[in-house]
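Participant: Numbering (the numbering used here), first residue to last: 1 to 357.
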Amino acid sequence: MQNRRSNRDGRQRPQSEIKSALRSLQETHAANLRHKASDEELLKFYEQMLLIRRFEERAGQLYGLGLIGGFCHLYIGQEAVAVGLQSALTPGKDSVITGYRDHGHMLAYGIDPKVIMAELTGRAAGISRGKGGSMHMFSVDHKFYGGHGIVGAQVPLGAGLAFSHKYNEDGGVCMAYFGDGAANQGQVYEAFNMAALWSLPIVFVVENNGYAMGTAVKRGSAETDFYRRGTAFRIPGMSVNGMDVLEVRAAAEVALAHVRSGAGPVLMELHTYRYRGHSMSDPAKYRSREEVQDMRENHDPIEAAKDELVKRGVSEERMKDIDKQIRSKVAEAADFAENSPEPELPELYTDVLVETY
């Protein structure tokens, strides 16, 4: 007798039908692997990725000068993930939440580099008034809900944001990012269960950069294909090359179409790579220089986009001009941050307690 299980309306579904549904999004993605971007659209993706790269390089410099305190986790190498995914979202409607490697996600959502850099340097002009710093930035106006320092804690919060979208019937979707290290946290699977049970509009995104805080995936995870981790909760998974912005964008469209249709959550695994250590204080001795160099030379998402633009006929002069403009914008953001005042002492007492209920 064929094994059957009940679906949400009580009808019995064959196991073969369930397994087919779990594979359907990956198959749809494989049939149209890369987004067919116009020249101007690809140029925009390139500019956004380059802005993140140059911003993070400058943030690293400011950290070395002691102008950024605490921890600082750079997004260098992973730019195609945030840009490819968030370019498919609707700003002001869809919400984003992530861990503490968060600068790139904010920039990809169009937030002003000046207020992000000011936040990194603890200035009053920062997007969280200088009190969040690198790891805890937040903007309700932009529907960007952090920046979270507790590993994996943003995932159930993301489920809560998705519940809010569904409850308010605002048509929004939550995109909740977490890393391969956080993927082994128990709270992640509690969130998966609730999201699937209630058909919440959420895309769970595993940014698999291969090393968590410093342990290779194969040494820390029994199941290394993270996109399969939702199978027990009937959440369809997708495995995506996170170093190709056009493949990421194509996959995002498939995932978001599924979620917006009311079919429930999707789990995406983006295979990416960080060139720097886990944080600025990490010497990254757990991998070879040759490995990092190979990724930079042969798999860099920004260089790949640049090469494709040149093949399409975009001139080298225009590419140089874009880089010059981006460098100028980042320098302006750094100058703005360095010349902004620190918060006044009374700011220590704001946003601590809710005064009325």
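Think of the CB as a built atom: it goes at the ideal place given N, C-alpha and C, for glycine as much as any other residue.
None of the values given here were measured: they were computed from a predicted structure.
1) Kindly indicate which residue of R228, S328, E342, N184 has the alpha-carbon position closest to the one of F55.
2) Using alpha carbons as the reference points, say which of Y273, A250, M117, R260 lies closest to L32.
3) CA-CA distance, I111 and P14?
4) Quick check on this structure: which residue in F138, R101, T98 has the alpha carbon closest to the alpha carbon of V115?
5) Once you ignore the five residues that flank R274 on each side, which residues in its own chain have a CB closer than 7 Å to its CB?
6) Spatial neighbours of I97 within its chain, please: C-beta separation below 8 Å, excluding the five flanking residues on both sides.
7) In this structure, how does DSSP classify E292 when only helix, strand and coil are distinguished?
8) If you scan the region 64 to 145 from start to end, which runs of the beta strand (DSSP E) of 3 or more residues do you find wholly inside it?
9) When you compare only the Cα positions, how much space is there between E17 and S261?
10) Straight-line CA distance for V217 to H278?
11) Look at G242 and T272 and say whether their C-beta atoms are less than 7 Å apart.
12) To the nearest angstrom, how far is it from the Cα of F192 to the Cα of G220?
13) Per the contact definition of three or more C-beta pairs closer than 8 Å, is the region 57 to 72 in contact with the region 228 to 236?
14) If we count the other Cβ atoms within 10 Å of its Cβ and call it buried at 16 or more, is K311 buried or exposed?
15) Which stretch, first to last residue, makes up the beta strand (DSSP E) that contains E269?
16) Counting along the chain, where does the alpha helix (DSSP H) carrying V248 start and finish?
17) With a threshold of 8 Å, are at least 3 pairs of Cβ atoms found where one atom belongs to the region 281 to 291 and the other to the region 97 to 108?
18) Could you tell me the alpha carbon to alpha carbon distance between I235 and R276, rounded to whole angstroms?
19) Between the alpha carbons of E366 and D294, how many angstroms are there, rounded?
Facilitator: From the atom records:
1) The candidate whose alpha carbon is nearest that of F55 is S328.
2) Rather than Leu, the amino acid found at residue 32 in this sequence is Asn. Among Y273, A250, M117, R260, the Cα nearest to that of N32 is on A250.
3) A straight line joining the alpha-carbon of I111 with that of P14 spans about 47 Å.
4) Nearest in C-alpha terms to V115, of all of F138, R101, T98, is F138.
5) Taken in chain order, the residues that qualify are I76, G77, Q78, N209.
6) Taken in chain order, the residues that qualify are F144, Y145, G146, H148, Q154, L157, G158, L161, C174, M175, A176, Y177.
7) A small fix is needed here, since residue 292 is Val in this sequence, not Glu. Three-state DSSP puts V292 in a helix.
8) The qualifying runs are 95 to 97.
9) Using only the alpha carbons, I get a separation of about 19 Å.
10) So the two alpha carbons sit approximately 14 Å from each other.
11) Yes, the Cβ-Cβ distance between G242 and T272 is below 7 Å.
12) Their backbone Cα atoms lie some 21 Å apart in a straight line.
13) A contact is defined here as three or more CB-CB pairs under 8 Å, and the region 228 to 236 fails this definition with respect to the region 57 to 72.
14) K311 should be labelled exposed.
15) Unbroken beta strand (DSSP E) run through E269: 266 to 271.
16) From DSSP, the alpha helix (DSSP H) with V248 extends over 245 to 260.
17) Short answer: they don't touch.
18) Going from the Cα of I235 to the Cα of R276 covers about 32 Å.
19) Absent from the structure is residue 366, since the part of the chain shown begins at 1 and ends at 357.
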